[in-house]
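Colleague:
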Amino acid sequence: MFGFITFNDKIHTQGGFLGNMRYLDFGTWIRQQFPFRVQKISIDAGFTCPNRDGKISSGGCTFCDNRTFSPSFCTKEKTITRQLEDGKAFFAHKYPDMKYLAYFQSFTNTYAKTDQLKQMYEEALAVDDVVGVVIGTRPDCMSNELLDYLEALSHQTFLIVEYGIESANNQTLLRINRGHTFECSRDTIERTHARGILTGGHIILGLPGEDQQESLRQAPIISSLPLDILKIHQLQIIRGTRLAREYARQPFHLYSVEEYIDLIISYVSLLRDDLVLERFVSQSPADLLIAPKWGLKNHEFTNLLNKRIRERTTR
Ligand code: SF4
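Sequential numbering of the sequence shown, starting at 1, is according to full-length UniProt numbering.
(1) Measuring straight from C-alpha to C-alpha, what distance separates L263 and L216?
(2) Following the continuous beta strand (DSSP E) through Q39, name the residue where it begins and the one where it ends.
(3) Quick check: the segment 158-171 against the segment 188-203, are at least 3 beta-carbon pairs closer than 8 Å?
(4) In whole angstroms, what separates the C-alpha of Q156 from that of L150?
(5) Report yes if the C-beta distance between A126 and V133 is below 8 Å; otherwise report no.
(6) For E210, does the three-state DSSP call read helix, strand or coil?
(7) For the ligand SF4, any of its heavy atoms closer than 7 Å to the Cβ of R191?
(8) Below 8 Å on the Cβ atoms is my contact criterion, and I expect I222 with A168 to pass it. Report the Cβ-Cβ distance as a whole number of Å.
(9) Which residue or residues does DSSP assign as beta-bridge partners of E162?
(10) Who pairs with R279 in a beta bridge, going by DSSP?
(11) Going by CA-CA distance only, name the one from Y247, S266, A89 and K99 that's closest to Q213.
(12) For I56, collect the residues of the same chain with a Cβ closer than 6 Å to its Cβ; drop the 5 residues on either side in sequence, then sort them by chain order.
(13) Based on Cα-Cα distance, which residue from Y260, P285 and Q234 lies nearest to L304?
(14) Ordered along the chain, which non-local residues of its own chain (more than five positions away) have a Cβ less than 6 Å from that of T188?
(15) Roughly how many angstroms separate the alpha carbons of R186 and L225, rounded to a whole number?
(16) What is the DSSP secondary structure of K99, reduced to helix, strand or coil?
(17) Using a 10 Å radius around the Cβ and a threshold of 16 neighbouring Cβ atoms, would you call D148 buried or exposed?
(18) Let me know if G136 comes out buried or exposed under the rule of 16 or more other beta-carbons within 10 Å of its beta-carbon.
(19) Assign R310 to one of two classes, buried (16 or more other C-beta atoms within 10 Å of its C-beta) or exposed (fewer than that).
(20) Please specify which runs of the beta strand (DSSP E), each continuous and at least 3 residues long, are wholly inside the segment 234-279, giving them in chain order.
Right, dumping it as structure tokens:
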């Protein structure tokens, strides 16, 4: 499976409802932002990460394996333009009138000098039919100087800055070697939002040491951040990661699909109504995934989720 996200993969909603639960889904929201269909194309712009190159640590977050991020057309040996052209060719046969968002996804996409970053983002925006950029990064890699530039850029094009938050619990962040605190996430999200830049966040449910109760404790805290968009993933153990070694030494509980669905339903019910929810589940390539092996395609997960909501509401 490819690492890019298709908007069609989002949980199928009925006009912004998940079953009878109201929430704003990303697919519906993004269709309101453009008069045409848009698709993200992932780019590996050749960045590294301060949590891997020794600046913060050399081990990286314990769950991280960037092989799970990148589709085959996305490789840093190719220029940004080439990666986008290849991505466009991949999608265009399906929807010839499609437009694209350049998704700077792999590693830390603000980890360079501002001038170099400007060149990269602007190279992407110069590609035909690219109508915006999405920049994934860590909250401790966002200077005010870069925010000045991004604020100006957001007046000229569609821009989302997406931060890995992962957890609101500093003990967990320490345990997964995240290299920053939750206070850092809050500060950077507030600085970004204050400039009118669309701000996204990413969290993982089921990190070591976090049970359902802890996730539900965190939901209102995450919801209190001035985020526009939230992505939620289940924890996955990926081959070759530090977490995989930890799990082999001392296995810990990973959610069954039924447990995760129940958690998602409760979690979403604690979030702000105006928070755009981009996804609830992630699927790493089968050959890299150690556990949990749910063996479900996104639409199969969706069907189970909707079935469970119906069961809970008709009790
Ligand atoms: S910040 Fe991102 S790229 Fe860096 S180690 Fe953590 S998950 Fe990997």
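From the three backbone atoms N, C-alpha and C, an ideal C-beta is built for every residue, glycine too.
Modeller: Well, looking at it:
(1) 8 Å
(2) V38 to I43
(3) yes
(4) 10 Å
(5) no
(6) coil
(7) no
(8) 6 Å
(9) G136 and G200
(10) K231
(11) S266
(12) P50 and G179
(13) Y260
(14) P139 and M142
(15) 7 Å
(16) strand
(17) exposed
(18) buried
(19) exposed
(20) 276-279
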